[in-house]
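Q: Here it is, the structure, as structure tokens.
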Amino acid sequence: MEFELITSVEGSRARAGVLSTDHGEIETPIFMPVGTAGSVKGIHTRDLKEDIKAQIILGNTYHLYLRPGIDVIEKAGGLHKFNRWDRPILTDSGGYQVFSLGDIRKLSEEGARFQSHIDGSYHMFTPESVMDIQRSIGADIIMAFDECTPGDADYQYAKKSLELTQRWMERCFTQFNKTQPKYDYKQSLFPIVQGNTYADLRKAAVAHVKNFDADGFAIGGLSVGEPEEEMYEMTEVATADLPENKPRYLMGVGTPVNILESIDRGVDMFDCVMPTRNGRNGMLFTSEGTINIRNKKWENDHSPIDKNGTSFVDQYSKAYLRHLIISNEMLGAQIASQHNLAFYLWLVKMARQKIIEGNFLSWKKEMILKLKERL
RNA sequence: GGGAAGAUACCGAAGCGGUCAAACGGGGCAGACUGUAAAUCUGUUGGCUCAGCCUUCGUAGGUUCGAAUCCUGCUCUUCCCA
């Protein structure tokens with residue numbers, strides 16, 4: 001995998017680049033729609049590609065391992081063939097489930113013992129097994145197995161957790177290096193910077209991940225309950241010391257404003273469930289501000305969802321979408337998700353263009369004012 | 001024509017003498033959602049000069065210290081018999 005840095009901005013860490021994989025190029029900064037169980041909820045790959053203009057999507061190791069199961073994905077010939085997405089894929093390792101499945105998981109030096117959220121059955125994930133599973137799923141970018149700590153973790157816990165994550169990371173790379181791809185294209189393993197909200201831990205984490213000969217680096221353990229300002233600070237601490245010539249992926253972030261602020265701080269890649277989940281729940285992100293489409297004020301607003309929107313669904317009216325969402329019609333969730341994803345992809349594309357043109361900072365300032373509007 | 005059951009807040013439906021402005025569900029209104037245990041969750045839903053007061057349980061009276069709850073008339077609804 002190659003990463004070419006095109007340009008950067010004076011007075012900012014923002015950069016534009018091109019990441020090349022065997023499934024095609026990714027123009028950074030980029031937003032990656034989340035497709036946990038092998039599907040970006042409610043969206044066909046045709047719309048992802050042609051309408052939303054997604055360049056890379058996510059999958060999740062834990063979810064795909066439980067269902068449909070790794071043998072099914074192997075027999076399909078890998079996730080790309082299974083879900084008919086021929087562009088790059090990134091799989092998360094299950095590290096986030098270590099955090100979100102809190103009560104039904106137990107950590108040890110060896111790994112994490114999970115109880116399936118589907119049927120309660122017990123499963124063991126180790127750094128080694130997670131590498132093997134991700135070889136079988138066959139994503140272009142795969143993630144190290146880490147512990148994602150909650151935003152309010154105390155220093156002692158954060159330190160212990162980071163050390164465990166670091167030992168797991170060594171084992172991930174060892175396993176990764178002694179195995180081969182199962183399909184006819186390369187895979188890259190990204191290590192993850194943890195350290196919670198403690199700058200010294202983050203710095204140590206960055207120093208540690210730089211020891212690996214990785215194609216890119218992730219910043220994890222943020223947007224998990226800590227104040228937004230701390231998230232930005234930790235992002236900066238990380239990007240300040242990460243190699244310039246490799247992509248940086250801020251995991252799980254975030255709101256449109258979070259993304260612009262983080263691009264400014266030197267992040268190249270993002271993913272978040274927000275455009276799809278919040279879309280399903282009636283929240284729309286637009287260039288004019290945020291809309292709760294369920295609110296009565298849209299009942300008779302027959303203007304387009306987003307008159308400047310790039311997706312064909314943006315021409316549906318607010319009143320119609322409100323009706324669909326309120327009536328719990330599947331199409332409502334689909335339209336809202338598609339709109340939000342198209343908006344996210346438009347936003348990062350604009351950011352990239354402004355970086356290249358050299359006026360990213362002034363555009364960002366203006367854009368954030370609009371994004372904070374509540375319509 | 002005779003008999004039976006019933007009428008409760010936006011809708012459905014509990015309550016059957018005081019702890020009832022009235023359970024619960026739906027609907028309505030609003031909020032949350034950040035590497036997806038989420039097409040989910042939370043709050044609210046008579047009015048006001050809001051730790052208190054006012055008006056509500058078909059309608060008009062009555063019994064009682066006290067009535068959505070008991071009695072009587074009326075109106076309407078459903079069912080059964082002719």
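Just so you know, the numbering used here puts 204 at position 204 of the first sequence, and the rest follows in order with no gaps.
Every residue, glycine too, gets a C-beta built ideally from N, C-alpha and C.
Determine whether the beta carbon atoms of M143 and T91 lie at a separation below 8 angstroms.
A: What you label residue 143 is simply residue 143 of the first sequence in a count that begins at 1. What you label residue 91 is simply residue 91 of the first sequence in a count that begins at 1. Yes, they are a contact pair.
Q: Could you check whether the Cβ of L361 sits closer than 7 angstroms to any heavy atom belonging to the ligand FAD?
A: The ligand FAD is absent from the structure shown, which contains no ligand whatsoever.
Q: Have a look at T368 and S362 and give me their C-alpha separation to the nearest angstrom.
A: Sequence index remark: in the first sequence, residue 368 carries index 368 (1-based). Sequence index remark: in the first sequence, residue 362 carries index 362 (1-based). It should be noted that the sequence gives Ile, not Thr, for residue 368. The straight-line gap from Cα to Cα measures roughly 10 angstroms.
Q: Return the residue from the list I356, P181 and K246 that minimises the CA-CA distance to F212.
A: The count along the first sequence starts at 1 and reaches residue 212 at position 212. Out of I356, P181 and K246, K246 has the C-alpha closest to the C-alpha of F212.
Q: According to the Cβ coordinates, are T21 and D154 closer than 8 angstroms?
A: Locating residue 21 in the first sequence gives position 21, counting from the first residue. Locating residue 154 in the first sequence gives position 154, counting from the first residue. No, they are not a contact pair.
Q: Determine whether the beta carbon atoms of G95 and E147 lie at a separation below 8 angstroms.
A: The count along the first sequence starts at 1 and reaches residue 95 at position 95. The count along the first sequence starts at 1 and reaches residue 147 at position 147. Yes.
Q: Using 8 angstroms for Cβ pairs, my map puts S136 next to I70. What's the rounded Cβ distance?
A: By one-based count along the first sequence, residue 136 stands at place 136. By one-based count along the first sequence, residue 70 stands at place 70. The Cβ separation is near 5 angstroms, so the contact holds.
Q: Return yes when the Cβ of I355 is within less than 8 angstroms of the Cβ of R105, no when it is not.
A: Along the first sequence, read from residue 1 onward, the residue named residue 105 stands at position 105. Along the first sequence, read from residue 1 onward, the residue named residue 355 stands at position 355. In this structure, I355 does not lie closer than 8 angstroms to R105 by Cβ.
Q: Could you spell out the range, first to last residue, of the alpha helix (DSSP H) harbouring R233?
A: Here residue 233 corresponds to residue number 233 of the first sequence, with the count starting at 1. Note that residue 233 corresponds to Glu in the displayed sequence, not to Arg. That run of the alpha helix (DSSP H) goes E228 to D241.
Q: In three-state terms, what does DSSP make of Q194?
A: By 1-based counting over the first sequence, the position of residue 194 is 194. Residue state, collapsed to three classes: coil.
Q: At a cut of 8 angstroms, does the stretch 226–243 reach the stretch 254–273 through at least three beta carbon pairs?
A: Cβ pair count under 8 angstroms is three or more, so yes.
Q: Going by DSSP in three states, A153 sits in which element: helix, strand or coil?
A: Counted from its first residue, the first sequence places residue 153 at position 153. Correct three-state label for A153: coil.
Q: Could you tell me the alpha carbon to alpha carbon distance between M169 and F176, rounded to whole angstroms?
A: Residue mapping note: residue 169 aligns to position 169 of the first sequence, counting from 1. Residue mapping note: residue 176 aligns to position 176 of the first sequence, counting from 1. M169 and F176: Cα-Cα distance of roughly 10 angstroms.
Q: If you draw a straight line from the C-alpha of M124 to the C-alpha of V267, how long is it?
A: Counting from one through the first sequence, the residue named residue 124 turns up at place 124. Counting from one through the first sequence, the residue named residue 267 turns up at place 267. The alpha-carbon atoms of M124 and V267 are separated by roughly 33 angstroms.
Q: Take the Cβ of Q334 as the centre, count every other Cβ of all protein chains shown within 10 Å, and call the residue buried at 16 or more, exposed below.
A: Counted from its first residue, the first sequence places residue 334 at position 334. With 16 or more other Cβ atoms within 10 Å, it is buried.
Q: For the candidate residues L371, A54 and E2, whose alpha-carbon lies nearest to that of K410?
A: With the chain covering only 1 through 375, there is no way to say anything about residue 410.
Q: Mapping DSSP to helix, strand and coil, what is K41?
A: Start at 1 with the first residue of the first sequence, and residue 41 comes out as number 41. In the structure shown, K41 sits in coil (DSSP, three-state: anything other than H, G, I, E or B).
Q: Pull up the distance between the alpha-carbon of T61 and that of M269, whole angstroms please.
A: Here residue 61 corresponds to residue number 61 of the first sequence, with the count starting at 1. Here residue 269 corresponds to residue number 269 of the first sequence, with the count starting at 1. Distance between the alpha carbons of T61 and M269 is about 19 angstroms.
Q: Exposed or buried, what is Q156 when buried is set at 16 or more other beta-carbons lying within 10 Å of its beta-carbon?
A: Your numbering for residue 156 matches position 156 in the first sequence. Q156 comes out exposed.
Q: So, with DSSP's three-state summary, where would you put R87?
A: Within the first sequence, residue 87 is the residue found at index 87, counting from 1. Here R87 sits in coil by DSSP.
Q: Take the Cβ of R374 as the centre, count every other Cβ of all protein chains shown within 10 Å, and call the residue buried at 16 or more, exposed below.
A: Position 374 of the first sequence holds residue 374. Flag for R374 reads exposed.
Q: DSSP state of D22, grouped into three classes?
A: As a working mapping, residue 22 is identified with position 22 in the first sequence. Note: D22 maps to coil in three-state DSSP.
Q: Return helix, strand or coil for M143, following the three-state DSSP convention.
A: If you number the first sequence from 1, residue 143 lands on position 143. Correct three-state label for M143: strand.
Q: Drop a sphere of 10 angstroms on the beta-carbon of A207, count the other beta-carbons inside from all chains shown, and report buried for 16 or more, exposed for fewer.
A: Position 207 of the first sequence, counting from 1, holds the residue named residue 207. A207 is exposed by the Cβ-count criterion.
Q: Contact check, P275 vs S337 under 8 angstroms by CB: the rounded distance?
A: Counting from 1 along the first sequence, the entry for residue 275 is found at position 275. Counting from 1 along the first sequence, the entry for residue 337 is found at position 337. The pair is a contact, with the Cβ atoms about 7 angstroms apart (cut-off 8 angstroms).
Q: Measuring only the C-alpha atoms, how far is L19 from M350?
A: Counting from one through the first sequence, the residue named residue 19 turns up at place 19. Counting from one through the first sequence, the residue named residue 350 turns up at place 350. Whole-angstrom Cα-Cα distance: 18 angstroms.
Q: If you scan the stretch 267–323 from start to end, which runs of the beta strand (DSSP E) of 3 or more residues do you find wholly inside it?
A: Runs of the beta strand (DSSP E) inside the stretch 267–323: 269–272, 283–286 and 289–292.
Q: Pick from T165, G252, M283 and N83: whose alpha carbon is nearest that of N340?
A: If you number the first sequence from 1, residue 340 lands on position 340. Selected option, being the one with the closest Cα: M283.
Q: According to the neighbour-count rule (16 or more other Cβ atoms, all chains shown, within 10 Å of its Cβ), is G59 buried or exposed?
A: Taking the first sequence and counting its residues from 1, the one referred to as residue 59 is at position 59. It counts as buried.
Q: Exposed or buried, which one is K297 when buried takes at least 16 other CB atoms within 10 Å?
A: Reading the first sequence from its first residue, position 297 is the one you call residue 297. It is exposed - the Cβ of K297 has fewer than 16 other Cβ atoms within 10 Å.
Q: On a CA-only basis, which of R13, G17 and I30 is nearest L5? Give me that one, please.
A: Against the first sequence, residue 5 aligns to sequence position 5. It is G17.
Q: Going by DSSP, name the residue or residues bridged to H123.
A: Translated into positions along the first sequence, residue 123 becomes position 123. Bridge partners of H123: F114.
Q: Taking a contact to mean a Cβ-Cβ separation below 8 angstroms, would you say F99 touches G38 in this structure?
A: Along the first sequence, read from residue 1 onward, the residue named residue 99 stands at position 99. Along the first sequence, read from residue 1 onward, the residue named residue 38 stands at position 38. In this structure, G38 does not lie closer than 8 angstroms to F99 by Cβ.
Q: From the DSSP output, which residues share a beta bridge with R135?
A: Your numbering for residue 135 matches position 135 in the first sequence. Bridge partners of R135: none, in fact.
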